[in-house]
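See below for the structure under consideration.
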Amino acid sequence: MRNMNTQLNVAATVNMESLDLLAKEFRQQFDLSSEVIHERLSGRRFVFNRDGTETYPFDDWETGDGEALQMLPTQETVTIASTDSSCILLGETSDSSVYAVRAAVCFASQGVVRGYFRIGPMVVHLSSKGSCGLPSQLEGYELRVALSDHMIAERIIRNTVEKRILASLLSFPQRMVVVADGSLKHPLDSYPDVLFRDGESGSALMGISKTSALISSNKLSGVVSRAKGPAYAPVEDGMVHTLLAKFARDGLVFRVDVARSRGRVPQTLGTVLYNDNFSAGYPESLRVAHHLSVFARSEDMALKAYITSRYGLKQLRSFGLRRIALGGLSNSG
Amino acid sequence: MRILKKEGPNILVVASHTEEVRLGDYLMVTEKERSLVLQVIDENYLDVEGIEEEVAREEVLLASVQGMTEDPADVSSISKEIRDMRLLQCKARGSIEHGRHSPRIDWIPSRTTSKITRQNVNEILDSAGNRGHRKIKIGRSGRASSFSVTAEALDGRISIITGRKESGKSHLAKMMVRGLLEHGAYCIIFDLNDEYGTIGLRADGTKTSIADRLVVRKPARDLKFSLEGAGIRAITSLLLHSLEMPGTSMREFTRIWEGMELKKEVSMDSLGTYIQQWRCNEFVRDALYARYYTLSNSGLFTDSEQAFRLDDFFKSHPEGGALVISLSRVSPLNRKMTVELILSKLVELLEHRTIPPVFLLSEEAHLYLRETYWEDLITRMRHFGVFTTFVTNQPDAIKPEIYRQADNIFLYNFSNEADLDLVSRASMVDTDTVRSIVRTLPPRMCLVLGHAVNNLPVLVNVDEFDAPPSGITRRFFEPRAELTTLAR
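As they're listed, the protein sequences go chains V and G.
According to our numbering, the residues represented by the first sequence are 1183 to 1515, in order.
According to our numbering, the residues represented by the second sequence are 15 to 502, in order.
Below, the structure written as structure tokens:
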């Protein structure tokens, strides 16, 4: 901090005129955009962010045009297979990273969770030479992105594992509704089109997203939220139907993507409504799959012990880079 | 096992659940030539962040839903091991350097390079000094090693055996008495529940080597004293303390005694006649008469030749012996008078060095021992050669001063907070040790503190005492003999 004055005393070393121009440009941009922002934001209902966590308004958003459709249970016993996965960074070498991934599938029918299948933890090694430990190799852009950011890498690894599991479940001869955690159309998660095409078994694929940005961005969420029972509102059609849905009377509204429904989206929703159980409007099978896949602290420790012993790692002491680099005043960002 | 933390004498050690370490065990933290001696006083689970959530999640999910887990690296077993890891709370009890134990704990062994091993209690005690060679085996310490106290550790010492009801105190006391007798010692036992009469026998009824050294006497039945045998000192002590005779009357009594002695007529008969004929104040005469009739009616005195003489007991048992004074079904006054007579006579004989030192075992002493005798026993009488062992299930019956002066304490289980509090504050080790170990002790297991264990607390699993059952509590719901009819 003592050096900050010296560091900020840039006038002596840099051409201030150029910097003044740059400052002026930003100011003009702000003046112009503030009008537009004012126009778009003025009087809107607003949820403030708390430490980057997903939040959900107690009251409704503004009502948009459209109508909520009643969701009716389809009285047919069909297995709901919900999948979720977790990935954690275990550590790094100078040129690679090691992750652990675990996935779970939870089966429900007739409103009861019947069983689960859990796979992992599996150790995944990422380096510029490629990926190891995943059902399919990461290559090209995907690998480069994964190597550049751990958060993105974890997402890519999860997506790769889930894709394999979803494909396997959809290939079963038995008819099911396979539920994935998250949107099927998320720009960061790439699902191959083959997953969305109707198959022989008649199994449907559904993605349920909790991401507030995807739900809140649609004014129909208010309409669905106010419906007196389970309801949904179509948002977008296509190979994957996107809708906002509420599975319980007092439940939350989620963004739901439905594929392989053979044009019978209401029936698919009704099948899930009949065969799964809902707490706060969220499917119980998906909730259990989440809890089965997350890593506990002891598992994190166990994995580190395992790779240390299995690969003869030499542990280096480490420190938090951001705190050292930014100093003690930085507390966010 | 690895050291995790040290705060003063408290050391936390992380151990796997497969590690065979229990409460009371000794550990050695070895680094180069020296070792730090630790004792495990408590154990907990290692506190892993988020463990409560993890356990709850697993319990809820896995208990209610059946499933299959494919864990190629078998990480779950390592994770389970982490969750089962134990945190051993240890107390540093000294160091061992060149095979010798010293109380120094002013150094810290390396967390990374030191080696922690379980240590045999006997080896640690031997390294702490010579405890004597006259062993009295009382049980086992740790898993297999037999554990003995030595007769020398009780010799010249005050010991306390305390714990809640039916925890095994009397078993230990009997074992110690038998052991002392085997080594030729003399014991006097104030037996409240008729428990000690059978210590000379084995459970199958056969005699042990000490069977013939045991004498059981019941006051007023086969334990009667003559005035002459008891002597002026014991009788005045009895009148003063047990019968609360006033000073003036005591003066007259002393004169009467001198008169009887002069004419060699010291007997109960003569005493009655002397009081009647003695020229003194009528109130004094009344006081003397009242005490005389009490003595006479107690049945404790006789003029017969068969009267019990304490010195004769010692003469007739040259290889040591135990005099068991059975105090069960004896009136409180007779109890007090008997104890008073025996103790004062004992001190008199010891003062004159007529008899060798004696081990005194006193069960629930607060029921018959007068207040001032406690301090007398642990200070003055100890110097003459009365080495007392107090046995009680009421720790508050013994004053804290006595706990503090005790040389050996054998602590059995206490779960009552008040008892634990008292015992932990009064005993000779830190309160943490006593509170955490004593609270969890099962029956027949005791914590030995003091001289007997070279001041290194030792947890002992006391053996079953090989003797026929005795002192059994009479119960309603069991086959019983016919009730006797009271004579009208």
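Just so it is clear, CB atoms sit at the ideal spot from N, CA and C, and this is done for glycine as well.
Check	Outcome
Distance between Glu34 of chain G and Gly1494 of chain V (C-alpha atoms, nearest Å)	28 angstroms
For Ser162 of chain G, three-class secondary structure by DSSP	strand
Inter-residue Cα distance where the pair is Leu314 of chain G and Tyr307 of chain G	12 angstroms
Whether Ala411 of chain G touches Ile174 of chain G by CB criterion (8 angstroms)	no
Under 7 angstroms by beta carbon: chain V residues contacting Leu75 of chain G	Val1470, His1473 and Leu1474
Helix, strand or coil at Met442 of chain G [DSSP, three-state]	coil
Test item: CB-CB of Arg178 of chain G and Thr164 of chain G under 8 angstroms	no
Whether Val452 of chain G touches Phe428 of chain G by CB criterion (8 angstroms)	yes
Partner residues on chain V for Ser30 of chain G, Cβ-Cβ distance less than 7 angstroms	Neighbours of Ser30 of chain G on chain V: none; closest Cβ ~12 angstroms, over 7 angstroms.
Buried versus exposed call for Leu1402 of chain V [16 or more other C-beta atoms within 10 Å across all chains shown]	buried
Distance between beta carbons of Leu341 of chain G and Arg206 of chain G, contact taken as under 8 angstroms	It is Leu, not Arg, that sits at residue 206 of chain G in the sequence shown. Going by Cβ atoms, the distance from Leu206 of chain G to Leu341 of chain G rounds to 5 angstroms, so yes, they are a contact pair.
Residue range of the alpha helix (DSSP H) that includes Glu266 of chain G	Gly261 to Leu276
Completely contained alpha helix (DSSP H) runs for the segment 148 to 206 of chain G, where each covers 4 or more residues	165 to 168 and 183 to 196
Cβ distance (whole Å) where Arg100 of chain G is taken to contact Leu60 of chain G below 8 angstroms	7 angstroms
Assigned secondary structure, Thr1256 of chain V (DSSP; H/G/I helix, E/B strand, else coil)	coil
Min CB distance Val85 of chain G to chain V below 8 angstroms	It should be pointed out that residue 85 of chain G corresponds to Asp in this sequence rather than to Val. Closer than 8 angstroms to some Cβ of chain V, the Cβ of Asp85 of chain G qualifies, so yes.
Arg227 of chain G in three-state terms, based on DSSP	helix
Contact under 8 angstroms by Cβ, Asp1363 of chain V with His1472 of chain V	yes
Enclosing beta strand (DSSP E) for Phe424 of chain G [first to last residue]	Asn422 to Leu425
Contacts that Gly81 of chain G makes with chain V (C-beta to C-beta distance below 7 angstroms)	Gly1297, Tyr1298, Phe1299 and Arg1300
CB contact below 8 angstroms: Glu180 of chain G versus chain V	no
Neighbour list for Val1305 of chain V in chain G, Cβ cutoff strictly below 8 angstroms	Ala87
Selection from G:Gln53, G:Gly211 and G:Arg48 that minimises the alpha carbon distance to Pro23 of chain G	G:Gln53
Interface flag, Arg1226 of chain V vs chain G, CB-CB below 8 angstroms	no
Members of the segment 96 to 117 of chain G near chain V, C-beta cut-off 7 angstroms	Ile96 and Arg97
Range of the contiguous beta strand (DSSP E) that encloses Asp1363 of chain V	Met1358 to Asp1363
Same chain, Cβ closer than 8 angstroms to His31 of chain G, neighbours up to 5 away in sequence not counted	Glu95, Asp98, Met99 and Arg100
Min CB distance Tyr1488 of chain V to chain G below 8 angstroms	yes
Closer than 8 angstroms to chain V by CB, Glu68 of chain G	yes
Nearest neighbour of Gly464 of chain G, chosen from G:Met442, G:Phe479, G:Asp317 and G:Thr447 [CA to CA]	G:Met442
Any chain V beta carbon closer than 8 angstroms to Arg489 of chain G	no
Minimum C-alpha distance to Ser318 of chain G - residue among G:Asp433, G:Glu57 and G:Ser240	G:Ser240
Residues bridged to Leu1161 of chain V (per DSSP)	There is simply no residue 1161 of chain V to check, as chain V begins at 1183 and stops at 1515 in what is shown.
Contact list for Gly156 of chain G against chain V, beta-carbon separation under 7 angstroms	Those within 7 angstroms of Gly156 of chain G in chain V number zero; the least Cβ separation is about 30 angstroms.
In DSSP terms, what Ser1461 of chain V is bridged to	V:Tyr1464
Neighbour flag for Leu62 of chain G against chain V, beta carbons, 8 angstroms	The question names Leu, but residue 62 of chain G is Val in the sequence shown. Cβ-Cβ to chain V under 8 angstroms: yes for Val62 of chain G.
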